[in-house]
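Step one of this worksheet: look at the structure below.
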Amino acid sequence: MSKPPSLLFVQTGHGDRLIVLVHGIMQRASGMTDFADLIRSHTPAADIAIFDYDWTQPLHLSAAHLAAQLDLLKRTDIVLVGYSMGGLVARLAVADHNLKAVQTVITLATPNRGAVTTSQLGFLGQEFMGGVRWVSPLARCPGVVELTLAEDIFLERRDRPTVRAAVANKRYASIPGLYFHASRRYRSGKGLMGAVTLGLERVSHIARPHDGIVAEGKNNIVARTSTEFAEFDFAGYANGPVRLHAAHLSARELDHLSILTSPQIARLVLTLVQNDDWSALPHDPDVQVFTS
20 MSKPPSLLFV QTGHGDRLIV LVHGIMQRAS GMTDFADLIR SHTPAADIAI FDYDWTQPLH
80 LSAAHLAAQL DLLKRTDIVL VGYSMGGLVA RLAVADHNLK AVQTVITLAT PNRGAVTTSQ
140 LGFLGQEFMG GVRWVSPLAR CPGVVELTLA EDIFLERRDR PTVRAAVANK RYASIPGLYF
200 HASRRYRSGK GLMGAVTLGL ERVSHIARPH DGIVAEGKNN IVARTSTEFA EFDFAGYANG
260 PVRLHAAHLS ARELDHLSIL TSPQIARLVL TLVQNDDWSA LPHDPDVQVF TS
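So for the sequence shown, the numbering used here puts the first residue at 20; every next one is plus one.
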């Protein structure tokens, strides 16, 4: 964890738009390279980079490092694509640092509304560690602790005048994994989630559908109750919908980890990146789209 935060370019297509991928908890940049390759396969002319940071550090500190790296580029059109914790880091970078070059933030399997519990994080630790029980000082590091407090962190920011100004010309999207849908039996798991045999009962209380860690309702940037205002609820965007939630049919077979292996999800992300007006997205019968 000693490497300083940095932007690692995986493709330089000399385009005007830069796509920056932000990895999640218990990852470094290498955890996003396969997903970056999926995006590259559909857009060889795009500029693509991965933000590599220490996920054990406080979220606002990682966000500040991301903002500093982006400012150094002097780019005018940047899209942030954050996975899991990385979605929160991307949101904080925009909210706290008024990144004028960023107009679009896309979050994958991110707990956008509400926090992740320590029990769920323990189960996520098992996923990454092949079923080994996650008992470690890492569970008490600032980044993990703040992940369980994410709702409060963003609620505290929503009324800051500087934050409202920072999101004035921004749009946000959320994309979920839906592996544990209404018809899924917990003991019928396949792939990454099915390989974890310890603690499956810990996810049984999460509202379905969910990806084993994040419920769709907590990922969904569009739907909210009257008490769930966040900074993106005050965003404004002149060229179309401000908030979008897109659920791909293939997500019914994707959990919190395998969502990064999906060509369909990569294509969906790229569709959102390439369309400046989300009300005019090309029709796809496999995608349910909700906007506000």
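By construction, the Cβ of each residue, glycine as well, lies at the ideal position given by its N, Cα and C atoms.
For SER5: DSSP bridge partner residues: Outside the displayed span of the chain (20 to 311) sits residue 5, for which this structure offers no information.
Buried or exposed: PHE70, going by 16 or more other Cβ atoms within 10 Å of its Cβ? Its Cβ being crowded by 16 or more others within 10 Å, PHE70 is buried.
Cα separation between ALA120 and LEU91? So the two alpha carbons sit approximately 12 Å from each other.
Check PHE199 in the structure and name its three-state DSSP category. Here PHE199 sits in strand by DSSP.
What are the start and end residues of the beta strand (DSSP E) that includes GLY101? Following the DSSP letters along the chain, one finds GLY101 inside the beta strand (DSSP E) bounded by residues 97-102.
Identify which residue in HIS33, ALA169, SER60 and SER277 has its Cα closest to the Cα of LEU107. Looking at the Cα atoms, ALA169 is the closest of the given residues.
Just list the residues that DSSP pairs THR123 with in beta bridges. Its beta-bridge partners are VAL98 and ARG190.
From the DSSP output, which residues share a beta bridge with ALA265? Bridge partners of ALA265 according to DSSP: VAL308.
Throw me the rounded Cβ distance for the ILE38 and VAL98 pair, which I believe falls under 8 Å. Cβ atoms of ILE38 and VAL98 come within 8 Å of each other, at about 5 Å.
Nearest to ILE278 by CA position, among ILE240, LEU127 and GLY255, is which residue? Minimum Cα distance to ILE278 is reached at LEU127.
Distance, LEU118 Cα to ASP95 Cα: Here the sequence assigns Thr to residue 95, which means Asp is not the residue at that position. Answer to the nearest angstrom: the Cα atoms are 10 Å apart.
Please report the residue range of the beta strand (DSSP E) in which VAL41 lies. Per DSSP, VAL41 belongs to the beta strand (DSSP E) from 37-41.
Under a Cβ-count criterion, where at least 16 other Cβ atoms within 10 Å of its own Cβ denotes burial, should VAL151 be classed as buried or exposed? Its pLDDT being 43, under 50, VAL151 is placed unreliably in this model, and the value from its coordinates should be taken loosely. Exposed, because fewer than 16 other Cβ atoms sit within 10 Å of the Cβ of VAL151.
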